[in-house]
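Numbers in my numbering are just positions in the sequence shown, counted from 1, shifted up by 379. Scroll down for the structure; my scribbles are underneath it.
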Amino acid sequence: MRITIFGTGYVGLVTGTCLADVGNDVVCMDVDADKMERLERGEMPIFEPGLAELVEANRATGRLRFSTDALGAIAHGQMLFIAVGTPPDEDGSADLSHVLSVARDIGRHLDAYAVVVNKSTVPVGTADRVREAIAAELAARSVKVDFDVVSNPEFLKEGDAVKDCLRPDRIVLGSDSARAIELLKTLYAPFNRNHERIVLMDVRSAELTKYAANAMLATKISFMNEMANIAERVGADIELVRHGIGSDPRIGYSFIYPGAGYGGSCFPKDVRALERTARSHAYEARLLTAVEAVNRDQKEKLFELIARHFCANLAGKTIAVWGLAFKPNTDDMREAPSRRLLEQLFAAGAKVRAHDPEAHAEALRIYSQRADFTLCDEPYSALDGADALAIVTEWKAFWSPDFTRIRKSLRTRVIFDGRNIYEPRAVEAAGIAYYGIGRGRSMQHVERGT
380 MRITIFGTGY VGLVTGTCLA DVGNDVVCMD VDADKMERLE RGEMPIFEPG
430 LAELVEANRA TGRLRFSTDA LGAIAHGQML FIAVGTPPDE DGSADLSHVL
480 SVARDIGRHL DAYAVVVNKS TVPVGTADRV REAIAAELAA RSVKVDFDVV
530 SNPEFLKEGD AVKDCLRPDR IVLGSDSARA IELLKTLYAP FNRNHERIVL
580 MDVRSAELTK YAANAMLATK ISFMNEMANI AERVGADIEL VRHGIGSDPR
630 IGYSFIYPGA GYGGSCFPKD VRALERTARS HAYEARLLTA VEAVNRDQKE
680 KLFELIARHF CANLAGKTIA VWGLAFKPNT DDMREAPSRR LLEQLFAAGA
730 KVRAHDPEAH AEALRIYSQR ADFTLCDEPY SALDGADALA IVTEWKAFWS
780 PDFTRIRKSL RTRVIFDGRN IYEPRAVEAA GIAYYGIGRG RSMQHVERGT
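If you want it as structure tokens, here you go:
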């Protein structure tokens with residue numbers, strides 16, 4: 380099939396590449412000419428495991444091309460995927476300006492039947508607005524061309540996006556057009572061979588499904604962080620609690636890891652957008668409000684622990700930070716817990732020496748002008764002259780460190796584990812004080828000096 384993808388962010392680039400990989404003729408269109416030129420040279424704008432190799436392989440065959448020509452891209456595609464960004468507006472709602480701009484471009488140039496596929500995460504009712512925008516432009520041209528608008532939300536996890544795209548858990552298709560559904564079933568047949576993954580529904584239900592999925596996962600994270608804060612106060616260990624409740628198959632182990640809060644481009648934005656959607660329909664989504672509030676507070680937890688240990692006297696201190704990306708296997712620092720921690724440390728007069736395996740360029744983009752921020756090429760060099768170590772992102776490279784080397788490097792022998800990746804007694808046995816998230820038992824040891 381001839382496929383056009385509008386937008387080459389995480390969703391658009393991964394989706395277009397994976398569709399090309401199974402034999403389709405894909406054009407990825409973006410208004411960013413510099414990005415298109417870099418992609419044509421094989422330079423990746425994002426880090427995603429396995430994506431660079433897949434892009435290069437399909438670019439070499441000619442099945443994957445990059446363009447800034449909207450007219451040519453629309454003429455090319457039997458299916459036109461809208462995968463542009465929907466950043467939060469000032470009131471928390473999703474900004475649909477890019478989505479509707481693409482829709483108007485399609486209406487201005489469409490001259491044969493096509494399926495317009497909403498891949499971007501958009502509020503309920505967006506497909507209607509896309510349909511109206513296309514129809515208005517066709518009417519302005521006095522042209523009658525059939526088209527269908529389908530909601531086909533993405534469920535890609537940053538860090539696992541290629542795998543998720545090639546081996547999806549489900550393929551949600553929202554449409555009342557039998558013609559469009561059959562074409563999409565054909566398109567997705569290579570991803571649907573092992574067992575039936577396609578879930579058919581109406582457009583509005585498909586649009587809500589994406590928001591509901593992300594809101595549910597965010598709720599699990601905030602719930603577990605709420606339990607961690609209770610565990611700290613009552614002297615329980617949240618990691619033991621996690622095992623106790625995760626063994627219940629009705630709950631499971633996924634997304635019940637306490638930590639420094641969630642970040643990234645999806646959960647924060649989508650929870651707020653869904654809350655705003657509810658409010659626009661005269662409903663107060665109290666649970667969503669609480670989920671966001673708990674997460675906002677949780678991003679301040681690491682600083683709270685650090686300030687407590689140093690008796691709120693952080694001026695002149697240097698904190699080593701391992702992990703800046705909002706999660707492992709990505710370079711994405713959007714709304715990352717590390718950013719809130721760094722803001723608080725800087726405000727308190729502390730300096731930061733940080734290391735992240737992939738977010739180096741992004742960290743430099745954000746903090747390169749700060750004299751109180753040093754970005755280090757490897758984790759142990761971040762410890763040089765540091766008073767303490769804070770773990771913010773659970774990269775695998777951090778899981779089994781040399782605690783003796785850490786102890787010898789730190790001026791004050793203390794680790795603040797924002798992801799609970801270390802066993803408290805192992806750290807303490809190495810002669811290092813340990814603070815975790817919801818590790819009430821270990822906190823009691825620290826306070827008693829045992």
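Where a beta carbon is used, it is the ideal one built from N, C-alpha and C, also for glycine. None of the values given here were measured: they were computed from a predicted structure.
Query raised in the report: Under the three-state reduction of DSSP, which class applies to MET408: helix, strand or coil?
Result: strand
Requested in this report: Reducing DSSP to helix, strand and coil, say where THR783 ends up.
Outcome: helix
**Report entry** Runs of alpha helix (DSSP H) lying entirely within the segment 522-568, each at least 4 residues, in chain order
**Finding:** Taken in chain order, the complete alpha helix (DSSP H) segments of 4 or more residues contained in the segment 522-568 are 540-545 and 557-567.
Query raised in the report: Which residues in the same chain as ILE800 place their Cβ atom closer than 8 angstroms to its Cβ, once the five residues preceding and following it in sequence are excluded?
Result: ILE770, GLU773, PHE777 and TRP778
Report task. Could you pull the start and end residues of the alpha helix (DSSP H) that SER633 belongs to? Result -> That residue, SER633, is in no alpha helix (DSSP H); it is neither H nor E in DSSP.
Query raised in the report: Got a sec, what are the start and stop residues for the beta strand (DSSP E) VAL578 sits in?
Result: 577-580
Query raised in the report: If you draw a straight line from the alpha carbon of ASP484 to that of ALA449, how long is it in whole angstroms?
Result: So the alpha carbons of these two residues sit roughly 7 angstroms apart.
Query - HIS574 versus ILE453, ILE550 and GLY797, residue with shortest Cα-Cα distance - result: Comparing Cα-Cα distances from HIS574 to each of ILE453, ILE550 and GLY797, the minimum goes to ILE550.
Query raised in the report: Got a sec, what are the start and stop residues for the alpha helix (DSSP H) LYS730 sits in?
Result: Segment 730-734 is the beta strand (DSSP E) holding LYS730; no alpha helix (DSSP H) there.
Query raised in the report: From which residue to which residue does the alpha helix (DSSP H) around SER717 run?
Result: Unbroken alpha helix (DSSP H) run through SER717: 716-726.
Query raised in the report: What residue range is occupied by the uninterrupted beta strand (DSSP E) comprising ARG381?
Result: Bounds of the beta strand (DSSP E) holding ARG381 are 381-385.
Query raised in the report: Does the distance from the CB of VAL410 to the CB of THR447 come in under 8 angstroms?
Result: yes
**Report entry** Separation of PHE795 from ILE685, as counted between CA atoms
**Finding:** ILE685 and PHE795 have their C-alpha atoms spaced approximately 7 angstroms apart.
**Report entry** Given 8 angstroms, three or more beta-carbon pairs between the segment 586-606 and the segment 497-514
**Finding:** As far as the Cβ criterion goes, the segment 586-606 touches the segment 497-514, which means the pair count is three or higher.
Query raised in the report: Should VAL522 be labelled buried (16 or more other beta-carbon atoms within 10 Å of its own) or exposed?
Result: exposed
Query raised in the report: Roughly how many angstroms separate the alpha carbons of ALA615 and GLY429, rounded to a whole number?
Result: 40 angstroms
Query raised in the report: Does the distance from the CB of LEU418 to the CB of VAL541 come in under 8 angstroms?
Result: Cβ distance not < 8 angstroms, so LEU418 and VAL541 don't count as in contact.
Requested in this report: Answer yes or no: do ALA767 and ALA699 have a C-beta to C-beta separation smaller than 8 angstroms?
Outcome: Less than 8 angstroms divides the Cβ of ALA767 from the Cβ of ALA699.
Query raised in the report: With 16 other CB atoms within 10 Å as the buried threshold, where does HIS833 fall?
Result: The displayed coordinates of the chain run from 380 to 829. Any statement about residue 833 would go beyond what the structure contains.
Query raised in the report: In whole angstroms, what separates the C-alpha of ILE617 from that of ALA808?
Result: Their Cα atoms are separated by approximately 21 angstroms.
Query raised in the report: Alpha carbon to alpha carbon, how far is ALA652 from ALA431?
Result: When rounded, the distance between both Cα atoms is 31 angstroms.
Requested in this report: Please report how far the alpha carbon of GLY640 lies from the alpha carbon of GLU714, in whole angstroms.
Outcome: Computed Cα separation, rounded: 10 angstroms.
Report task. Using 10 angstroms around the beta-carbon of LEU392, count the other beta-carbons present and answer buried if the total reaches 16, otherwise exposed. Result -> buried
Query raised in the report: Under 8 angstroms, do LEU563 and LEU545 count as touching if we go by C-beta distance?
Result: no
Query raised in the report: Comparing alpha-carbon positions, which option in THR697, LEU754 and ARG792 lies nearest LEU764?
Result: Per the sequence shown, the amino acid found at residue 764 is Gly instead of Leu. For the residues THR697, LEU754 and ARG792, the minimum Cα distance to GLY764 belongs to THR697.
Query raised in the report: Which runs of the alpha helix (DSSP H), 4 residues or longer, sit entirely within the segment 750-825?
Result: 782-788 and 803-808
Query raised in the report: What number of angstroms, rounded off, separates the C-alpha of ALA812 from the C-alpha of PRO467?
Result: ALA812 and PRO467: Cα-Cα distance of roughly 40 angstroms.
Query - Short Cβ contact (8 angstroms threshold) for ASP470 with ARG655 - result: yes
**Report entry** Simplified DSSP assignment, three categories, for ARG442
**Finding:** Assignment of ARG442 by DSSP, reduced to helix, strand and coil, places it in the coil class.
**Report entry** Proximity to LYS536 [Cα-Cα], best of ARG558, GLU611 and PHE634
**Finding:** PHE634
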